[in-house]
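Using full-length UniProt numbering, read the sequence shown as starting at 1 and increasing by one per residue. Only one structure is covered here, and it is reproduced in the block below.
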Amino acid sequence: MPLIKLDAIDSTNDFLKQLFKDSVVEDYTIVMANEQTKGKGQMGAKWISEPGKNLTMSVLVKDVHLKNQNIYDFNIAVALSVSDTLKKMGLPNISIKWPNDIMSDSKKVSGILIENIFKHDGNFNSVIGIGLNVNQTDFKDLPQATSLKCITGKDYDLEEIALLLSDSLRGFIQVLAKHREILWDFYHQNLYKLNYPSPFEDKNGNRFMGIIKKVTRDGKLEVLLDDDNVTHYDVKEIKMLF
Ligand code: BTN
1 MPLIKLDAID STNDFLKQLF KDSVVEDYTI VMANEQTKGK GQMGAKWISE PGKNLTMSVL
61 VKDVHLKNQN IYDFNIAVAL SVSDTLKKMG LPNISIKWPN DIMSDSKKVS GILIENIFKH
121 DGNFNSVIGI GLNVNQTDFK DLPQATSLKC ITGKDYDLEE IALLLSDSLR GFIQVLAKHR
181 EILWDFYHQN LYKLNYPSPF EDKNGNRFMG IIKKVTRDGK LEVLLDDDNV THYDVKEIKM
241 LF
């Protein structure tokens with residue numbers, strides 16, 4: 001699979017989207033950058049990453065056919081591909097924090113930003129951005145983040161991990177076509193704080209405790225509240241306070 005290595009770029013997701021618009025780009029093309037000057041996180045946040053130390057990469061997945069699946073099926077396949085790669089690399093206590101942050105214990109090690117380019121037939125091309133903290137060891141300003149090196153003490157080759165991630169992505173997307181139920185079971189087995197009392201904050205800033213029961217097929221978090229009510233939240237309505 002083609003691998004494009006850049007020194008500095010605004011965002012690897014934006015670069016790959018533009019490249020795809022302007023030219024013919026092969027399926028599973030990877031773009032990785034030493035440094036992003038405008039790295040994008042979920043919900044308009046910035047993605048901050050120490051230059052040269054971490055993986056900031058995007059992968060193009062062309063012509064995704066959802067058939068009877070919905071878009072969230074695709075998202076869980078992506079999250080699983082990252083968590084599974086880290087587990088296979090020997091990282092301990094890896095889980096997926098809804099919707100698709102990758103955690104080691106209770107610290108975030110990777111974030112995912114999926115940007116889909118829809119076609120007229122409802123199928124889409126997807127630019128999958130992965131930020132993975134690898135060799136950075138100073139997280140003074142980000143106390144809830146960690147890196148592979150902080151966890152294991154080892155240094156890692158960024159390109160090697162990029163290739164592992166892209167292979168894993170391909171594998172999980174293939175599984176998605178045939179074994180959606182298995183994927184969902186696997187997602188729940190890997191879900192951070194499933195069935196544990198956890199603190200949340202709603203969009204008005206109210207804090208409360210609840211227990212995650214599952215993620216619904218349309219990507220909502222099902223939470224059992226203290227008053228025994230079960231409520232479904234979408235990603236804009238609630239955040240987990242670690
Ligand atoms: C998040 O957790 O908020 C998602 C972070 C995604 C960051 C990656 S880094 C590579 C790609 N390019 C970007 O601008 N963002 C994603």
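Cβ coordinates follow ideal geometry from the N, Cα and C atoms, glycine included. The structure displayed is predicted, hence computed values, not measured ones.
Using a Cβ distance threshold of 8 Å, determine whether the region 169 to 179 contacts the region 71 to 81, with at least three qualifying pairs required.
yes
Please state if the CB of K40 and the CB of L132 are separated by a distance shorter than 7 Å.
no
Cβ of residue 275 within 6 Å of any heavy atom in the ligand BTN?
Residue coverage of the chain in this structure runs from 1 to 242, which leaves residue 275 outside it and unanswerable.
Tell me which same chain residues have a C-beta within less than 6 Å of the C-beta of A33, skipping the five on either side of it?
L6, I9, T12 and T56
Go through its chain and collect everything with a Cβ distance to L142's Cβ below 8 Å, but skip five positions before and after it.
I48
Is the CB-CB distance between I211 and L224 below 7 Å?
yes
Status (buried if at least 16 other CB within 10 Å, exposed otherwise) for D14
buried
Assess contact between the region 80 to 87 and the region 184 to 197, defined as three or more Cβ pairs (one per stretch) separated by less than 8 Å. Is contact present?
yes
Can you list, in chain order, the residues of its chain whose CB lies under 6 Å from that of P2, leaving out five sequence neighbours each side?
E26 and T29
Do V64 and F124 have their C-beta atoms closer together than 7 Å?
yes
Can you find the residues in the same chain that come closer than 8 Å, C-beta to C-beta, to V230, ignoring five residues on each side of it along the sequence?
K213, E222, V223 and L224
Beta carbon of A45: closer than 6 Å to some heavy atom of the ligand BTN?
yes
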